[in-house]
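Only one structure is covered here, and it is reproduced in the block below.
Number of protein chains: 2
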Amino acid sequence: MAVSIRDVADEAGVSVGTVSNVLNRPESVSAGAAERVMTAIDRLGYVRNDAARKLRGGVSTTVGFVVLDGQNPFFNDVVRGAEDEASRHGIAILYGNTDQDSSRERMYLDLFEEQQVRGVLISPYGDVFPRLERLRSHGIRAVLVDRFGGTSRFSSVSVDSVAGGRMAVEHLIATGRRRIAFVGGPMDMRQVTDRIAGARVAVDNAMDAVDLEVLAIPAMTVEEGVAAGRRVLARPRREWPDALFAANDLVALGLLQSLVVDGRMLVPDEIALIGFDDTAFAAAAAVPISSIRQPSATIGRTALRVLLEESEDPELIPRQTVFPPELVIRRSTAVR
Amino acid sequence: MAVSIRDVADEAGVSVGTVSNVLNRPESVSAGAAERVMTAIDRLGYVRNDAARKLRGGVSTTVGFVVLDGQNPFFNDVVRGAEDEASRHGIAILYGNTDQDSSRERMYLDLFEEQQVRGVLISPYGDVFPRLERLRSHGIRAVLVDRFGGTSRFSSVSVDSVAGGRMAVEHLIATGRRRIAFVGGPMDMRQVTDRIAGARVAVDNAMDAVDLEVLAIPAMTVEEGVAAGRRVLARPRREWPDALFAANDLVALGLLQSLVVDGRMLVPDEIALIGFDDTAFAAAAAVPISSIRQPSATIGRTALRVLLEESEDPELIPRQTVFPPELVIRRSTAVR
DNA sequence: AATAGGATATGAATCGATTCAGAATCGATT
DNA sequence: AATCGATTCTGAATCGATTCATATCCTATT
Chain E
44 MAVSIRDVAD EAGVSVGTVS NVLNRPESVS AGAAERVMTA IDRLGYVRND AARKLRGGVS
104 TTVGFVVLDG QNPFFNDVVR GAEDEASRHG IAILYGNTDQ DSSRERMYLD LFEEQQVRGV
164 LISPYGDVFP RLERLRSHGI RAVLVDRFGG TSRFSSVSVD SVAGGRMAVE HLIATGRRRI
224 AFVGGPMDMR QVTDRIAGAR VAVDNAMDAV DLEVLAIPAM TVEEGVAAGR RVLARPRREW
284 PDALFAANDL VALGLLQSLV VDGRMLVPDE IALIGFDDTA FAAAAAVPIS SIRQPSATIG
344 RTALRVLLEE SEDPELIPRQ TVFPPELVIR RSTAVR
Chain F
44 MAVSIRDVAD EAGVSVGTVS NVLNRPESVS AGAAERVMTA IDRLGYVRND AARKLRGGVS
104 TTVGFVVLDG QNPFFNDVVR GAEDEASRHG IAILYGNTDQ DSSRERMYLD LFEEQQVRGV
164 LISPYGDVFP RLERLRSHGI RAVLVDRFGG TSRFSSVSVD SVAGGRMAVE HLIATGRRRI
224 AFVGGPMDMR QVTDRIAGAR VAVDNAMDAV DLEVLAIPAM TVEEGVAAGR RVLARPRREW
284 PDALFAANDL VALGLLQSLV VDGRMLVPDE IALIGFDDTA FAAAAAVPIS SIRQPSATIG
344 RTALRVLLEE SEDPELIPRQ TVFPPELVIR RSTAVR
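Following this line, the structure appears as structure tokens:
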């Protein structure tokens with residue numbers, strides 16, 4: 044049933060070596076032979092067997108991507124970027140969503156190791172470093188996505204969250220807000236603490252007195268955003284902040300929902316709102332939400348490139364790529 | 044560098060056949076041997092080489108998923124369902140997003156064929172049937188997702204769009220709306236025409252006179268939703284519809300945005316709004332949007348199961364699985 | 001003690017693409 | 001015609017897991 048390279052060789056009247064050469068190093072083959080092989084391939088409908096190829100050559104045409112939150116449009120955009128770049132190289136992406144579950148994270152790393160992927164892109168959740176080291180010792184490199192690699196032995200591609208936090212709050216201050224609340228969590232996520240740190244810098248540098256409070260939530264979801272917003276509105280009116288800085292766009296969407304009262308939209312007149320990531324849904328909200336843009340597709344694309352380079356030259360020293368964020372101003376932070 | 048089954052055999056003092064038996068048919072191996080093999084595996088850090096396995100046995104541990112719109116949360120949910128089910132079987136998903144581009148669609152099918160995937164899940168865009176037939180002749184089955192297979196030779200898993208359209212409009216009528224506009228397109232998408240057909244049935248069955256108009260848009264995106272909403276509001280007030288039925292949630296989000304005027308939210312008091320798919324973002328909108336729920340994760344999970352069954356028994360006759368949709372009522376269709 | 005029969009274990013053959021040392025072919029030069 | 005070098009082609013060996021015919025070991029029965 045399956046057509047093998049041997050069948051093609053017979054059909055074309057050449058040896059298997061020649062067929063392989065036509066496919067892999069056409070410059071070393073005469074035009075006539077190449078021609079006959081190609082027609083034989085067409086006639087028989089031959090398709091390369093990737094398993095045999097991988098077994099012999101050790102070169103893999105798949106890359107694994109372990110994502111910690113498949114629900115978050117930001118990660119979808121990152122995957123898209125990686126996928127787009129991968130397809131240019133004839134590489135396919137093995138996709139694993141861990142949903143913030145360490146055991147799933149481990150399972151996918153095991154699975155990808157069995158598959159002998161070319162490398163792994165991962166936005167890590169648990170402590171995966173031991174396992175990543177093990178993969179590396181088996182010749183499988185990993186690149187961290189949306190997480191600064193620091194002094195680890197792994198390359199990373201991420202965005203400067205501190206700068207992003209700072210830009211967000213500087214913008215709020217510049218548009219006249221003075222009582223700012225940050226909404227995000229959990230507090231052991233590096234992205235969250237970085238964004239807060241950036242916000243603090245902006246507050247400290249401000250000319251006027253600016254108040255910054257931190258409203259911690261257990262997860263960065265729409266639901267937690269709604270709940271946090273309700274808590275704010277439950278206060279006496281004069282204790283309301285005049286601006287909310289959400290740790291990501293999902294939280295911002297939740298906050299926005301909570302700020303519609305009796306058909307009146309409190310954003311931006313009563314309270315300004317800014318998110319982080321700049322996913323499509325920030326722009327799509329009922330009141331378009333200002334956000335700190337991460338170049339998500341570029342992150343994915345870059346991570347894949349770094350991975351391919353490293354897998355080609357294992358001697359390469361890990362490098363940390365950090366992109367600057369960008370302020371995107373929309374109606375939710377309009378001046379009153 | 045790489046540890047092979049032979050190394051394990053040496054370490055455990057048994058033959059390679061025995062190691063293989065421990066891994067694949069443990070019942071035919073003595074407890075002692077199994078024990079020694081397992082410790083050897085641990086000690087050496089052995090990982091099965093999937094390429095060798097695939098080459099010999101012809102069984103693949105990957106399944107391809109070709110998605111036509113990676114931006115749409117609905118498809119993400121479907122992928123999640125499939126992925127979750129796959130992980131239970133030790134199967135990984137090769138992910139390909141076509142972004143409504145036939146050439147990408149073809150590329151991914153080729154790539155997946157080279158990878159000798161166990162089978163392919165696909166939400167088709169272009170005319171892929173010839174290629175799917177070719178895959179099938181090479182022993183690779185395909186299951187259509189979110190698309191009724193009809194009389195084709197392929198199984199499918201989808202939702203009854205006609206019923207969904209009907210439910211949506213019956214609900215609008217029941218809540219007192221009489222001038223209904225459907226917003227969706229393009230008109231050659233089966234999902235769209237089905238939903239309109241369902242809407243017509245509801246209108247025809249209504250006791251009162253109900254008006255149904257169709258506002259065609261070129262794509263089901265947020266942007267097109269916004270534009271369509273603006274066009275509606277540009278009419279003289281008395282020609283406004285009193286309800287909008289969006290062909291999917293993305294369009295509904297766009298419509299909602301266009302219906303916020305000067306901080307006043309026209310939904311639901313002036314105009315009711317209902318979407319389709321019931322993605323997380325419908326519930327997360329500033330005014331939570333009623334929607335016709337598709338059991339997205341279940342669709343993905345089921346599609347994967349059907350695929351596995353078919354790939355195990357190639358004689359199985361293709362079957363069309365159709366799930367009923369479900370009405371989810373939220374604030375956007377509240378009674379005035 | 002001999003032997004049958006079940007339970008275990010063995011290892012050579014196999015899958016298909018790639019590689020590379022050696023063979024064949026061809027032209028040009030002497 | 002002989003020789004050399006370049007170009008092109010060949011085919012056996014290889015990767016690692018699985019399979020299955022065969023061999024070995026045990027236990028129970030006569």
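So the protein sequences, as listed, match chains E and F.
According to my numbering, the residues represented by the first sequence are 44 to 379, in order.
According to my numbering, the residues represented by the second sequence are 44 to 379, in order.
In this text, a Cβ means the ideal position worked out from N, Cα and C, and glycines have one as well.
I need the DSSP call for residue i, collapsed to helix, strand or coil.
i: E:ILE332; result: coil
i: E:PHE366; result: strand
i: F:GLU282; result: helix
i: E:SER195; result: coil
i: F:LEU293; result: helix
i: F:VAL378; result: coil
i: E:ILE314; result: coil
i: E:ASP53; result: helix
i: E:ASP170; result: coil
i: F:ALA340; result: helix
i: E:ARG190; result: coil
i: F:ILE165; result: strand
i: F:ARG131; result: helix
i: E:SER180; result: helix
i: F:ARG307; result: strand
i: E:ASP120; result: helix
i: F:LEU302; result: coil
i: F:VAL349; result: helix
i: E:VAL200; result: strand
i: E:ALA185; result: strand
i: F:VAL371; result: strand
For residue i, report the span of its beta strand (DSSP E) as first-last.
i: E:ALA325; result: No beta strand (DSSP E) contains E:ALA325, which is instead part of the alpha helix (DSSP H) from 323-326.
i: F:ASN140; result: 135-140
i: E:VAL257; result: 254-259
i: E:ARG222; result: 222-227
i: F:LEU359; result: Premise fails: F:LEU359 is in no beta strand (DSSP E) and is neither H nor E.
Could you spell out where the alpha helix (DSSP H) holding residue i opens and where it closes?
i: F:TYR151; result: 145-157
i: E:ILE239; result: 233-248
i: F:SER204; result: 204-217
i: F:VAL160; result: Per DSSP, F:VAL160 belongs to no alpha helix (DSSP H) and is neither H nor E.
i: F:GLY268; result: 265-276
Just confirm the distance between the C-beta atoms of residue i and residue j, as a whole number of angstroms; I'd bet it's less than 8 angstroms.
i: E:ASP292; j: E:GLY318; result: 4 angstroms
i: E:ASP237; j: E:VAL275; result: About 23 angstroms separates the two Cβ atoms, so there is no contact after all.
i: F:LEU258; j: F:ARG243; result: So it is not a contact: roughly 15 angstroms between Cβ atoms.
i: F:MET308; j: E:MET210; result: The Cβ separation is near 30 angstroms, so there is no contact.
i: F:THR141; j: F:VAL109; result: 6 angstroms
i: F:ASP112; j: F:ARG344; result: Going by Cβ atoms, the distance from F:ASP112 to F:ARG344 rounds to 20 angstroms, so no, they are not a contact pair.
i: E:VAL212; j: E:ALA185; result: The pair is not a contact, with the Cβ atoms about 34 angstroms apart (cut-off 8 angstroms).
i: E:VAL269; j: E:GLN300; result: 5 angstroms
i: F:THR61; j: F:ALA83; result: About 11 angstroms separates the two Cβ atoms, so there is no contact after all.
i: F:LEU411; j: F:LEU370; result: Within the shown structure, residues of chain F are numbered from 44 to 379, placing residue 411 of chain F beyond reach of any answer.
i: F:SER199; j: F:GLN363; result: 5 angstroms
i: E:LEU154; j: F:GLY133; result: 7 angstroms
Check your understanding: Can you give, in chain order, each stretch of the alpha helix (DSSP H) that sits fully within the stretch 61-111 of chain E and has at least 4 residues?
Key -> 74-87 and 93-100
Exercise for review: Anything in the stretch 131-150 of chain F with a Cβ closer than 9 angstroms to a Cβ of chain E? List those residues in chain order, please.
Suggested key: GLY133, ILE134, ALA135, ILE136, LEU137, TYR138, GLY139, ASN140, ASP142, ARG147 and MET150
Exercise for review: Closer than 7 angstroms, Cβ to Cβ, to anything on chain F: give me those residues from the stretch 281-310 of chain E, in chain order.
Suggested key: LEU296, GLY297, LEU299, GLN300, VAL303, GLY306, ARG307 and MET308
Review point. Any residues in the stretch 66-98 of chain E with a beta carbon nearer than 9 angstroms to a beta carbon of chain F? Which ones, in chain order?
Key: GLY88, VAL90, ARG91, ASN92, ASP93, ALA94, ALA95, ARG96, LYS97 and LEU98
Check your understanding: Which residues, in chain order, does the stretch 103-124 of chain E contribute to contact with chain F at a C-beta distance below 9 angstroms?
Key -> SER103, THR104, THR105, GLY107, PHE108, GLY113, GLN114, PRO116, ASN119, ASP120, VAL122 and ARG123
Exercise for review: Identify each residue in the stretch 323-334 of chain F for which the Cβ-Cβ distance to at least one residue of chain E is less than 8 angstroms, and report them in chain order.
Suggested key: ALA323, PHE324, ALA326, ALA327, ALA328, ALA329, VAL330 and PRO331
Review point. Going along the chain, which residues of the stretch 174-195 of chain E sit with their C-beta nearer than 9 angstroms to a C-beta in chain F?
Key: ARG177, SER180, HIS181 and GLY182
Practice item. Could you please tell me which residues of the stretch 258-269 of chain E, in chain order, have their CB closer than 7 angstroms to any CB of chain F? Key: VAL265
Review point. Listed from N- to C-terminal order along the chain, which residues in the stretch 48-63 of chain F have their beta-carbon within a distance smaller than 9 angstroms of any beta-carbon of chain E?
Key: none
Review point. Using a beta-carbon distance cut-off of less than 8 angstroms, what residues from the stretch 156-167 of chain F approach chain E?
Key: GLU156, GLU157, GLN158 and GLN159
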